[in-house]
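Here's the structure, in structure tokens; my notes come after.
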Amino acid sequence: MPVSELRGREASASENSYLRRQYYARNYASEVAAIDAVYDFLVSQLGDPPILTGNELRNITPKEGDVLDSYFCEAIWGPFQRRTPPAVGESQFNFEIGGQQTKVIVPISQTVYKPASDLLPLPQIALIGDQGMGEPPTGADIFEPVHSASLTKWMALSDLTPEFEDAIADCVGKWNNATWRRRPAGEVLFMGCTGAQRGANDLELTFRWMTRRNLESSVIAGITVAAKRGWDFLWPRYRINYAEDGSWTVANEITHIVVSQVMESADLSILGIDA
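The sequence shown maps to residues 1 to 275 in this note's numbering.
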């Protein structure tokens, strides 16, 4: 026969268990032809696909033999790697904590240097990028922490009613008006949902949201901000001050910190994934 099994069977019962078999293929002009021949031989012995004692065939590796157009081939079987589909009612949670770019104009601290020949007092520069010409300060781009998460839930297709779809849509782009998944009101912004039908009667839905912490009693540019919800917008109001020494230099000074609500809230518990 062009393909025959050799002695030297191997097996392992470890976590990554496997079965090894050695085969000799002759009268084949290439490695690909030898692999195909060994596979056909295994199908004739074990069936299609060639399953060996409950293990699936992982790969066939050829090595050129001493005789022209001959190959020693090793076949490896291992446990089936197919994942059992989740049952209806099960869910899977995923999250990521990373950085999101934002702009600041108020520094934590800064030091002003000047030439030794400059005998004038140091200018009072309170904001980042203030050029002393009355223009808005340019600020600096930094990264703030942001928490994004998703939950995939498997449910019956019949549960996705038009009313439930509308309820999901009404929550998109809104923050939680009450504690949701152990996060206080104001911290969670619902980003939407994607879904796919699985089989005839099941549905896979993935809900996505982002989290930003609320702030309490924060001091910005010497002004105490009593409270800011995570998804409120904070912005400074400033005015131009002219120097009193007649030098015509100007500086921007923050006079107020404004906390603006720019997004509506919603009851996220209607999504049915609170925990």
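Yeah, the Cβ is synthetic: ideal placement off N, Cα and C, and Gly gets one too.
Cβ-Cβ separation, residue j to residue i (assumed contact under 8 Å), whole Å
i, j, result
"Asp-66", "Asn-27", "That pair is no contact at about 14 Å."
"Glu-253", "Arg-213", "Wrong, their Cβ atoms sit about 29 Å apart, outside the cutoff."
"Gln-22", "Glu-56", "About 19 Å; that fails the 8 Å criterion."
"Leu-157", "Leu-205", "With a Cβ gap of about 10 Å, Leu-157 and Leu-205 do not count as contacting."
Beta carbon of residue i nearer than 9 Å to that of residue j
i, j, result
"Val-43", "Ala-25", "no"
"Phe-164", "Lys-174", "no"
"Gly-132", "Thr-138", "no"
"Lys-153", "Ser-91", "yes"
"Leu-19", "Phe-93", "no"
"Pro-62", "Ala-34", "yes"
"Val-88", "Met-155", "yes"
"Ala-266", "Asn-176", "yes"
"Gly-99", "Val-146", "yes"
"Thr-255", "Arg-239", "yes"
"Leu-127", "Val-112", "no"
"Leu-271", "Ala-167", "yes"
"Ile-273", "Arg-181", "yes"
"Glu-96", "Glu-64", "no"
"Ile-76", "Ile-60", "yes"
"Ala-311", "Asn-241", "The first residue shown for the chain is 1 and the last is 275, placing residue 311 beyond what the model contains."
Three-state secondary structure (DSSP) of residue i
i, result
"Val-38", "helix"
"Ser-70", "strand"
"Ile-270", "helix"
"Val-32", "helix"
"Ser-45", "In the sequence as presented, Ser is not what sits at residue 45; that position holds Gln. Reduced to three states, the DSSP call for Gln-45 is helix."
"Ser-4", "strand"
"Asp-202", "strand"
"Ile-97", "strand"
"Ser-158", "helix"
"Ala-126", "coil"
"Phe-143", "strand"
"Ala-169", "helix"
"Phe-80", "coil"
"Glu-216", "strand"
"Glu-163", "helix"
"Gly-230", "coil"
"Ala-75", "strand"
"Leu-57", "strand"
"Arg-9", "coil"
"Gln-131", "coil"
"Glu-264", "coil"
"Tyr-23", "strand"
Nearest to residue i (by Cα), restricted to the options the options
i, options, result
"Thr-211", "Arg-181, Ala-29, Arg-237, Ser-148", "Ser-148"
"Leu-6", "Ser-158, Leu-160, Val-38", "Val-38"
"Asp-36", "Asn-55, Leu-52, Tyr-71", "Tyr-71"
"Ala-178", "Glu-64, Gln-45, Ser-269", "Ser-269"
"Ile-125", "Ser-158, Ser-109, Ala-169, Gln-101", "Ser-109"
"Asp-159", "Gln-197, Val-258, Trp-77, Thr-53", "Gln-197"
"Ile-257", "Tyr-242, Phe-41, Ile-220, Glu-264", "Ile-220"
"Cys-171", "Glu-264, Thr-53, Glu-96, Arg-182", "Glu-264"
"Pro-85", "Thr-161, Ile-223, Gln-101, Gly-199", "Gly-199"
The segment 229–238 contacting the segment 138–151, beta-carbon criterion three pairs below 8 Å: no
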